[in-house]
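This report refers to the structure that appears directly beneath it.
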Amino acid sequence: MKDKFNIVVKTGKQIAVLFVAIFILGVTENSYAQDRKIDTNALISETQRQSKDADKISMIWWIPEEFWRASFEQSQNLNADQIEAFLKVLRPYIVIVALDGEMGSLGGISYKSKESIQSTMKIVDSEGNHYSPLSNENIDADTNNFLSQMKPVFSNMLGAMGENMNFYLFSAKNQKGKSILDAKEEGKFSVLMDKVEYKWKLPLSSLIPPKLCPIDDEKLNGTWKFCPTHGVEITKKICPVDKKRYANTWKFCPTHGVELN
Ligand SMILES: [Zn+2]
Ligand SMILES: [Zn+2]
């Protein structure tokens, strides 16, 4: 039963895939969001970063709205209104889960406290602006409540490591009211934790529909601009019904109304 939840904590220093939200919601299957399957495994590995330093057990997990949505949609216990109610509570924030530990010479791990991480952590947006995590008073009570209910799951599953995993919330919008990052739009950002930079390039490929190679119709990563086999530019979108090609600027097939690949 246990490995169904895919909590893979690699021996030693690497933390791999952590299916916490899925575990909570009792979910194992892929979901359909906007009529497209999201590979939650791929999404999780794309949103987690680990320290490359062998003496550190450090991880940043950015949990975008798309992940919450996919997890909630997979839960048989939640209807559309309830899902929307959850998402509404999370939407004003960028949600980060972080862990920062250092291995001692005898293998003991000392973890940094939430307060210490909170005081130095920053998000750096594509323009180089720095943002600090919000203090509890600046986070909605419903949001705090929701996340504090999730927190014990980390400890239950991962022991001391899980106890030292905490949520850090940032405002999703900057002072001009613009979103700081968008998982589906071109851009980049990074999270700074104890002078280590964890970087992301956007969009996340697990959220972008695959494109087809114009030569042999091979399914390619939706964020790619060229086919790696043929070197040709992937300039056309394709109707999944009759395989007719359309310019990249089209979103939907004018004949069938379906989303173009
Ligand atoms: Zn090709
Ligand atoms: Zn069509």
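Counting in the working numbering, the sequence shown runs from 69 upward without gaps. Where a beta carbon is used, it is the ideal one built from N, C-alpha and C, also for glycine. Keep in mind the model is a prediction, meaning the values are calculated, not measured.
- In this structure, ligand 2 has no non-hydrogen atom nearer than 7 Å to the beta-carbon of Thr303.
- For Ala122, no beta strand (DSSP E) run applies, since DSSP gives it neither H nor E.
- For Leu158, the enclosing alpha helix (DSSP H) stretches over residues 148 to 158.
- Between Met261 and Met189, the CB-CB gap stays under 8 Å.
- Checking the 7 Å criterion, the Cβ of Cys295 is out of range of every heavy atom belonging to ligand 2.
- Pro132 sits buried, since 16 or more C-beta atoms from the chains shown fall within 10 Å of its C-beta.
- Ser200 carries a coil assignment under DSSP once its states are collapsed to helix, strand and coil.
- Of all C-beta pairs linking the stretch 147 to 154 to the stretch 188 to 202, fewer than three are shorter than 8 Å, placing the two stretches out of contact.
- Distances from the CB of Asp285 to the heavy atoms of ligand 2 are all 7 Å or more.
- Within the same chain, Phe235 come within 7 Å of Leu215 by CB-CB distance, once the 5 residues on both sides are set aside.
- One alpha carbon belongs to Glu286, the other to Pro296, and they sit about 11 Å apart.
- Between Lys256 and Lys267, the C-beta gap is smaller than 8 Å, which places the two residues in contact.
- Between ligand 1 and Val300, a heavy atom-to-CB distance of less than 7 Å is present.
- Contact between Gln116 and Ser126 fails: their C-beta atoms lie close to 11 Å from each other, not under 8 Å.
- Residues whose Cβ lies closer than 7 Å to any heavy atom of ligand 2, listed in chain order: Cys307, Val309, Asp310, Lys312, Cys321, Thr323, His324, Val326.
- Contact between Ile248 and Tyr199 holds, since their C-beta atoms are separated by about 7 Å, short of 8 Å.
- Rounded to whole angstroms, His298 and Ser173 show a C-alpha spacing of 50 Å.
- Contact between Gly169 and Lys124 holds: CB atoms are separated by about 7 Å, below the 8 Å threshold.
- Ile185 sits close to Ala166, with the two beta carbons spaced by under 8 Å.
- With distances taken between CA atoms, Ser273 lies nearest to Thr291 out of Thr291, Val264, Lys263.
- Rounded to the nearest angstrom, the gap between the Cα atoms of Lys293 and Lys279 is 9 Å.
- Pro201 counts as buried, since at least 16 other C-beta atoms from the protein chains shown sit within 10 angstroms of its C-beta.
- The alpha-carbon of Ile177 is positioned some 35 Å away from that of Pro271.
- Within the stretch 171 to 243, the complete alpha helix (DSSP H) segments of 4 residues or longer fall at 182 to 188, 209 to 226, 228 to 231, listed in chain order.
- Closest in C-alpha terms to Glu152, from the list Val163, Ile162, Ser139, comes Ser139.
- Linking Met171 to Ile207 through their CA atoms gives a straight-line distance of about 33 Å.
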